[in-house]
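Participant:
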Amino acid sequence: MTKQALRGASAIAFMLALSACGGGGGVNSTPTPTPAPTPTPTPTPTPTPSANADLVAPLVSETFVNNAVAGTASFPANGAGTATAAKSALTFRYDASSNRYSVSAADRSQNFAVSSRDAALSNADLDVYVDKSGNRTDTLAVRKNAAEKGTPDSPQFQYAGAAVWQRTTANSSAVSATADAFTYGVETKASAMPLGGTATFVASLNGIATYADTALGLKGGGTLNIDFSSGGLTGNGDFSTYGTDGGKVDTSNWYASARIASGSNAFSGSFTIGAPSNPAGSFDGRFYGPNHEELGAAWSWNTPTGGRAYLGTLLGRDLATLPANGGLDALRVNEAFETTGMQAQYILTSPTNSYMQRITSLTTPPVTMRYSEDSDSLVVNQFAVVSDVALTDAIRDAAASNASFDVYRTTKTETFGGVASEYPIEIRVLKPGAGNPTIALTYTSFATWSVGPVPSLYQSDVNETVLAYGRKTPDGAMPRSGSASYAAIIQGITTVPVSASATQRPYVITGDASLSYDFAAARMSGVMRPVATDRDSGQRYELGAQNFAGSSIVGSSSFSGQFEKEMTIRGIGTTNGSINGQFTGPQAQEFFARWNYGMIDPVNGGTLNMGGVMVGKQTQ
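So the sequence shown is residues -22 to -1, 1 to 598, counted in mature numbering (1 follows the signal peptide of the UniProt record, and there is no 0).
Okay, here's the thing in structure tokens:
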């Protein structure tokens, strides 16, 4: 075993600090506990509580109920190490008078003064306390608690806590270590446990993975589904392991299954890593909080062939207690939206101000739209075009924005032949919400963006994209009877017109559409009324009504179809075009669709490929 591996084995505390980062984003985390304040003398002093109402500091003295697992590892200087993990028992106490934690197991114990907090190992989510004596180092890593609830991707915990106590002993021949992971807190009274119903909890997983030559921190997440009627609990998720440099090492899946003891807040079962069919480890925990809002469990697992041991903690919070997104104008938590769109790619030759098509037809781009808690904004990504652009106020063009659209401007750098150029990016987003005078949508919207050109370059690429996005209607929530009519608007682009001077840019397509849908038969029909606008002159050309129809499967929230009239389109051939749609909202209140068709150039004659999106809502 190398000296580097020995150092890695003795640096588990650092990795525990790392592993906690996945647990909750540091939303106003609880400060280091302080002693209970001495009451101001009065004729009738307020007594100090005998137990904590939650784990948010300051804490009063208490020996906490807990569930624990223990691991042992030995890393010899020469040869492979060994490691095991299993269910265990310990005592965990906070003493307010001495301002310290105490942890004791069957064969060892240790006190940790709050003043021993290691600032370098601690972070926004974790307090790490270190006590050294000779060649022995004891480390206690305590996850911070908060009154704030957090979000589904970053839950916070008020009543359930998690900690790991590690002891390492190092000498010239080996490093030996014990690690005790445990959850604790303010448990739910047995009388407050529900006798029926179900719940989904979001889970935060942290721990240690011990290998033959080193130990790695791990962090992950998942969900737990609980049936209070039967007492059954099942869960699954994934986690990643991390080295001392913070780099991800590997990723795996976890699975848990347990049963709630009758008349109790406690549960016990099995925990498995890799595949559900693998031999099971231990999984024991209980519910916390006055209304079973949270849970905590300690888990362990050993590889079937030996050589690796895993142990850690799992904290969970009832999803129903966490914030959720409303409409697209009331986003609070991370969400990835369903998307579809069309893209045009062409080239500007600056000296002649002429345009030519890079790709002969419009294409469907690989693009995503999501809301990010980190930036508190929409984030758009299109492979090789725009990379995770956060649509924040910092890049919003207030002068260009209005009641219907928000406009954002930024740049990206492209290097060709060793020369770097700044490509301008303009992004327009249809505002969702009742206040939009163009169309008031709740679950659906669209955006357009252009990248380029760079006039200082002889030739530069131009990419134009139109994207529809929204919250998909679950198939199980789709109506299966009746029908509905929808009013929509369209937004689109075209290929480059063929003109003698080649100086005409592609048209912008706008307009409106109507769609009718028979839910019982899963059939749709509609009409689109596109208008082509010359970008240079501003001249608008109505292209006439374009009828379309299509079908789906009863109960499916997506549909497809084609246009009624066949058209021969330059660069494509003879086609009826296509329309591919998605219902959005809880029960198909809205929809978006991608359409691809052709048009006769009103200025130069001939045909062009035009395509884009439509977004709409029910009118009855």
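Beta carbons: idealized from backbone N, C-alpha and C, even for Gly.
Give the C-beta separation of T146 and V153 to the nearest angstrom, bearing in mind that I take them to be a contact with Cβ-Cβ under 8 Å.
Facilitator: By one-based count along the sequence shown, residue 146 stands at place 168. By one-based count along the sequence shown, residue 153 stands at place 175. Between V153 and T146 the Cβ distance is about 6 Å, and since that is below 8 Å, they are a contact.
Participant: Between V532, Y233, Y266 and F245, which lies nearest to A258 when the distance is taken from Cα to Cα?
Facilitator: In the sequence shown, residue 258 corresponds to position 280, counting from 1. Per the Cα distances, Y233.
Participant: If you compare alpha carbons, which of S529, D579 and N380 is closest to T546?
Facilitator: Taking the sequence shown and counting its residues from 1, one reaches residue 546 at position 568. Selected option, being the one with the closest Cα: D579.
Participant: Use the C-beta contact count for Q469: other C-beta atoms within 10 angstroms, 16 or more gives buried, fewer gives exposed.
Facilitator: As a first step, residue 469 must be located in the sequence shown, where it is residue number 491. So Q469 counts as buried.
Participant: Starting from the C-beta of A91, find all residues in its chain whose C-beta is less than 6 Å away, skip the five residues before and the five after it, and write them out in chain order.
Facilitator: The sequence position of residue 91 within the sequence shown is 113, counting from 1. Hits under 6 Å: R78.
Participant: Contact defined as beta carbons within less than 8 Å: I believe L33 pairs with Y137. What is the distance between those atoms, to the nearest angstrom?
Facilitator: The residue you call residue 33 lines up with position 55 of the sequence shown. The residue you call residue 137 lines up with position 159 of the sequence shown. Indeed, because the Cβ distance is near 6 Å, the residues count as touching under 8 Å.
Participant: Would you call the segment 266 to 280 and the segment 369 to 383 touching, i.e. three or more CB-CB distances under 8 Å?
Facilitator: Counting Cβ pairs under 8 Å, fewer than three are found: no touch.
Participant: Round the Cβ separation of G555 and F569 to the nearest angstrom and send it over; I've been treating them as touching at under 8 Å.
Facilitator: Taking the first residue of the sequence shown as position 1, residue 555 is located at position 577. Taking the first residue of the sequence shown as position 1, residue 569 is located at position 591. 18 Å between Cβ atoms; not a contact.
Participant: Would the segment 88 to 103 and the segment 187 to 196 be scored as touching if the rule is three or more Cβ pairs under 8 Å?
Facilitator: The answer is no - the segment 187 to 196 does not touch the segment 88 to 103, with fewer than three Cβ pairs under 8 Å.
Participant: I'd like the list of long-range same chain contacts for G584, defined as Cβ closer than 7 Å, with 5 residues on each side in sequence excluded.
Facilitator: As a first step, residue 584 must be located in the sequence shown, where it is residue number 606. Only V476 and R548 meet the Cβ criterion.
Participant: Nearest to A527 by alpha carbon, out of G533, V509, R501 and T318?
Facilitator: For the purposes of this step, residue 527 is taken as residue 549 along the sequence shown, with counting starting at 1. Looking at the Cα atoms, R501 is the closest of the given residues.
Participant: In terms of residues, what are the limits of the beta strand (DSSP E) holding F217?
Facilitator: Counted from its first residue, the sequence shown places residue 217 at position 239. It spans G210 to Y220 - the beta strand (DSSP E) in which F217 sits, taken as one unbroken run.
Participant: Report the residue from G396, N44 and L326 whose alpha carbon sits nearest the alpha carbon of M334.
Facilitator: To locate residue 334, count along the sequence shown from 1; it is residue 356. Per the Cα distances, L326.
Participant: Within this structure, are the beta carbons of G274 and T250 separated by less than 9 Å?
Facilitator: Along the sequence shown, read from residue 1 onward, the residue named residue 274 stands at position 296. Along the sequence shown, read from residue 1 onward, the residue named residue 250 stands at position 272. No, the Cβ-Cβ distance between G274 and T250 is not below 9 Å.
Participant: Between which residues of its own chain and S39 is the CB-CB distance below 6 Å, once the five residues before and five after are set aside?
Facilitator: Taking the sequence shown and counting its residues from 1, one reaches residue 39 at position 61. Hits under 6 Å: D73 and A74.
Participant: Classify R406 as buried or exposed, calling it buried when 16 or more other Cβ atoms lie within 10 Å of its own Cβ.
Facilitator: Within the sequence shown, residue 406 is the residue found at index 428, counting from 1. Classification for R406: buried.
Participant: CA-CA distance, P564 and Y495?
Facilitator: Counting from 1 along the sequence shown, the entry for residue 564 is found at position 586. Counting from 1 along the sequence shown, the entry for residue 495 is found at position 517. Approximately 16 Å between the Cα atoms of the pair.
Participant: CB V180 to CB G210, shorter than 9 Å?
Facilitator: Along the sequence shown, one-based indexing puts residue 180 at 202. Along the sequence shown, one-based indexing puts residue 210 at 232. Against a cut-off of 9 Å, the Cβ pair of G210 and V180 comes out as no contact.
Participant: Helix, strand or coil for G185 per DSSP?
Facilitator: Residue 185 sits at position 207 when you count from the first residue of the sequence shown. G185: strand per DSSP, three-state reduction.
Participant: Please confirm if the segment 413 to 420 is in contact with the segment 390 to 397, defined as three or more CB-CB distances below 8 Å between the two stretches.
Facilitator: Touching, no.
Participant: Only counting the same chain, and skipping five residues up and downstream in sequence, which positions put a Cβ closer than 7 Å to that of A455?
Facilitator: The sequence position of residue 455 within the sequence shown is 477, counting from 1. The answer, listed in chain order, is P564 and Q565.
Participant: For E544, which beta-bridge partners are listed by DSSP?
Facilitator: As a first step, residue 544 must be located in the sequence shown, where it is residue number 566. Per DSSP, none; premise fails for E544.
Participant: Is it true that the segment 394 to 405 meets the segment 423 to 438, where meeting means three or more beta-carbon pairs spaced less than 8 Å apart?
Facilitator: Yes: the two stretches touch, three or more of their Cβ pairs being nearer than 8 Å.
Participant: Of the residues M577, T192 and R449, which one's Cα is nearest the Cα of A308?
Facilitator: Stepping through the sequence shown from its first residue, residue 308 is reached at position 330. Of the candidates M577, T192 and R449, the one whose C-alpha sits nearest the C-alpha of A308 is R449.
Participant: When DSSP labels each residue in this structure, what does V118 get in the three-state scheme?
Facilitator: Your numbering for residue 118 matches position 140 in the sequence shown. Val is not the amino acid found at residue 118; the sequence shown has Leu there. Of the three classes helix, strand and coil, the one that applies to L118 here is strand, per DSSP.
Participant: Taking the beta carbon of V164 as the centre, do at least 16 other beta carbons fall within 10 Å, making it buried, or is it exposed?
Facilitator: Here residue 164 refers to the residue found at position 186 when the sequence shown is read from its first residue. Label assigned to V164: buried.
Participant: I'd like to know whether the C-beta atoms of L293 and S182 end up nearer to each other than 9 Å.
Facilitator: In the sequence shown, counting from the first residue as 1, residue 293 sits at position 315. In the sequence shown, counting from the first residue as 1, residue 182 sits at position 204. Cβ distance < 9 Å, so L293 and S182 count as in contact.
Participant: With a CB to CB cut of under 6 Å and the five nearest residues on each side skipped, what residues in its chain are close to S207?
Facilitator: Working through the sequence shown from its first residue, we reach residue 207 at position 229. These residues qualify, in order along the chain: G174.
Participant: Between the C-alpha atoms of P130 and R114, what's the straight-line distance to the nearest angstrom?
Facilitator: For the purposes of this step, residue 130 is taken as the residue at position 152 of the sequence shown. For the purposes of this step, residue 114 is taken as the residue at position 136 of the sequence shown. The alpha-carbon atoms of P130 and R114 are separated by roughly 39 Å.
Participant: DSSP three-state call for T146: helix, strand or coil?
Facilitator: Along the sequence shown, one-based indexing puts residue 146 at 168. Correct three-state label for T146: strand.
Participant: Classify K197 as buried or exposed, calling it buried when 16 or more other Cβ atoms lie within 10 Å of its own Cβ.
Facilitator: As a working note, residue 197 is residue 219 in the sequence shown. Flag for K197 reads buried.
Participant: With DSSP collapsed to three states, give me the class of T299.
Facilitator: What you label residue 299 is simply residue 321 of the sequence shown in a count that begins at 1. DSSP places T299 in helix when its eight states are reduced to three.
Participant: In angstroms with no decimal places, state the Cα-to-Cα distance between P254 and D366.
Facilitator: For the purposes of this step, residue 254 is taken as the residue at position 276 of the sequence shown. For the purposes of this step, residue 366 is taken as the residue at position 388 of the sequence shown. Rounded to whole angstroms, P254 to D366 spans 35 Å at the Cα level.
Participant: Could you give the residue range of the beta strand (DSSP E) that holds Y324?
Facilitator: Within the sequence shown, numbered from 1, the residue matching residue 324 stands at position 346. First-last of the beta strand (DSSP E) with Y324: E316 to T327.
Participant: Find out if the Cβ-Cβ distance for the pair A466, R572 is shorter than 9 Å.
Facilitator: For this step, residue 466 is matched to residue 488 along the sequence shown. For this step, residue 572 is matched to residue 594 along the sequence shown. Result no, Cβ atoms of A466 and R572 do not sit closer than 9 Å.
Participant: I'd like the list of long-range same chain contacts for L297, defined as Cβ closer than 7 Å, with 5 residues on each side in sequence excluded.
Facilitator: Numbered from its first residue, the sequence shown carries residue 297 at position 319. Taken in chain order, the residues that qualify are P130, T178, F179 and V180.
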